[in-house]
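Structure record follows, encoded as C-alpha cells.
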Amino acid sequence: MKMLNLFIVSDSIGETGELVAKAAISQFRPGLQHTKFKRFTHIDSLDHIKEITELAKEQGAIILYTLVQTKMRQALIEYCNLYNLESVDLIGPVINLFEKELDEKPFEEPGLVRKLDEDYFKKIEAIEFAVKYDDGRDPRGLLQADIVLIGVSRTSKTPLSQYLANKRFKVANVPLVPEVEPPEQLFQVDPAKCVGLVITPEKLNSIRKERLKAIGLNDDASYAKIERINEEIDHFEKIAKKIGCIVIDVTNRAVEETANVVINHIQQK
C-alpha cells in the first residue's frame, strides 16, 4: 500500500486536523500503518508557511490545515499552488459559511476552542469542589480552597458557594456551632481567603422559623429562638476575630451582591 505523508498545519495545537485525517485514513485499511503524520503547531507567521510548504515539496507531503486567519490561509494556498502541492482547508470553508449566515466578522483568534474548553472544565471542577466541601464535610478541602466561607446556619453559605463556583472559584464553607470546635485546618487558612457571613438576629429568627415550617416542624424550636441565635452569633464573632477575616453582613443582600463583595475582596488581596 502506498505511503501517505501528511503535514498537519495549525495555528493552535493541530489536534482537530489530525483527528480529521485519522478519521479519513481509517477508511482505507490498513491506512494508519501506511501514513506518516507530522504536526506543525502554533504557526503564526508567513515565513513559517513558506518553510513548511518548501519542506512538503521536498518530502512529497499532503498538507491539511486549520488556520483561522484569512491571510495565513491565503498564503498557504498561494505557496501550495506555486509548488504544486495537494492541500485541504479543514476550517476555512466552515468559517466563511458561518460568516455569511451570521453576517458577522470572525475573531480570527487562534486557540479559542481550547480556551473555551479550559474555562468550562475549570467551572465544572469548581462546582464539584463546592459540593464536595460544602457544610464542613471534609476539612481537608479548606487548605485547597480559593475562598473559605464561615457562618452560622442559614446565612446563605451553600448558595453563595455555588454562585462563586460558577465564577470558577473553589469554595469550601464551614458552619459554626457553639457545641462543635471548628476544624484545626480553618485556623491554618490564609485570613485573606476566609470570609465570615453574619446576619441580624431578627432576620435569622424569621428565616429559621420559615425553614422549620417548611420541613414540618414547630417554629418554636430552640433552633429559631433569639437567645440561641444570639449565642451562635457571639460564637461566630469570636471565631472570625481569632482568624482575622473579613465579615460581611448579608442581612439585606442578595447572593449576587454578596458574591461581588467577596470577589472584590479576594481580588484586592
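The sequence shown begins at 0 in numbering that gives the first Met the number 0 and counts up by one. Built from N, CA and C at the ideal position, the CB exists for glycine as well.
Item to check | Whole-Å CB distance - residue 20 paired with residue 7, under 8 angstroms assumed | outcome: That pair is a contact at about 6 angstroms.
Next on the checklist: Only counting the same chain, and skipping five residues up and downstream in sequence, which positions put a Cβ closer than 7 angstroms to that of residue 87?
Outcome noted: In chain order, 63 place their CB closer than 7 angstroms to the CB of residue 87, counting only its own chain and leaving out the 5 sequence neighbours on each side.
Checklist entry - Excluding the five sequence neighbours on either side, which residues of its own chain have a C-beta within less than 7 angstroms of the C-beta of residue 273, listed in chain order? => result This structure cannot speak to residue 273, because the chain is shown only from 0 to 268.
Item to check | Same chain, Cβ closer than 6 angstroms to residue 191, neighbours up to 5 away in sequence not counted | outcome: Short of 6 angstroms from the beta carbon of residue 191, and not among the five residues preceding or following it, lie these beta carbons of its own chain, in chain order: 268.
Checklist entry - residue 235: which of 176, 54, 144 sits nearest, CA to CA? => result Ranking the options by Cα distance to residue 235, first place goes to 176.
Checklist entry - How would you label residue 2, buried or exposed, when you count the other beta carbons within 10 angstroms and need 16 or more for buried? => result Under this definition residue 2 is an exposed residue.
Item to check | For residue 195 and residue 214, the rounded distance between their alpha carbons | outcome: Looking at the backbone, the Cα of residue 214 and that of residue 195 are separated by about 27 angstroms.
Next on the checklist: By the three-class DSSP mapping on this structure, what secondary structure does residue 159 have?
Outcome noted: Here DSSP, grouped into helix, strand and coil, assigns residue 159 to helix.
Next on the checklist: Going by C-alpha to C-alpha distance, which of 127, 193, 80 sits closest to residue 293?
Outcome noted: There is simply no residue 293 to check, as the chain begins at 0 and stops at 268 in what is shown.
Item to check | Simplified DSSP state of residue 203, which is helix, strand or coil | outcome: In the three-state reduction of the DSSP assignment, residue 203 falls in the helix class.
Next on the checklist: Can you find the residues in the same chain that come closer than 7 angstroms, C-beta to C-beta, to residue 160, ignoring five residues on each side of it along the sequence?
Outcome noted: In chain order, 129, 133, 148, 170, 172 place their CB closer than 7 angstroms to the CB of residue 160, counting only its own chain and leaving out the 5 sequence neighbours on each side.
Checklist entry - So what does DSSP say about residue 23, is it helix, strand or coil? => result In the structure shown, residue 23 falls within a helical segment according to DSSP collapsed to helix, strand and coil.
Checklist entry - Which stretch, first to last residue, makes up the beta strand (DSSP E) that contains residue 63? => result Taken as a continuous stretch (DSSP letters only), the beta strand (DSSP E) holding residue 63 covers 61–65.
Checklist entry - Skipping 5 residues on each side, what residues in its chain have a beta carbon closer than 7 angstroms to that of residue 137? => result Here the set comprises 131.
Item to check | Residues near residue 270 by beta carbon distance below 7 angstroms, same chain, minus five either side | outcome: The chain is shown only over 0 to 268; residue 270 falls outside these bounds and no answer can be derived.
Checklist entry - Skipping 5 residues on each side, what residues in its chain have a beta carbon closer than 6 angstroms to that of residue 197? => result Answer for residue 197: 246, 248, listed in chain order.
Item to check | With 16 other Cβ atoms within 10 Å as the buried cut-off, status of residue 121 | outcome: Burial check for residue 121: the Cβ neighbour count within 10 Å stays below 16, so the residue is exposed.
Next on the checklist: Using a Cβ distance threshold of 8 angstroms, determine whether the region 92–101 contacts the region 140–159, with at least three qualifying pairs required.
Outcome noted: Of all C-beta pairs linking the region 92–101 to the region 140–159, fewer than three are shorter than 8 angstroms, placing the two stretches out of contact.
Next on the checklist: Out of 206, 178, 41, 85, which one is the CA nearest neighbour of residue 71?
Outcome noted: Closest by alpha carbon: 41.
Checklist entry - What does a CB cutoff of less than 8 angstroms around residue 155 pick up in its chain, not counting 5 residues either side in sequence? => result Within the same chain, 196, 249, 254, 257 come within 8 angstroms of residue 155 by CB-CB distance, once the 5 residues on both sides are set aside.
Item to check | residue 34 - partner residues in DSSP beta bridges | outcome: 3, per the DSSP bridge assignment.
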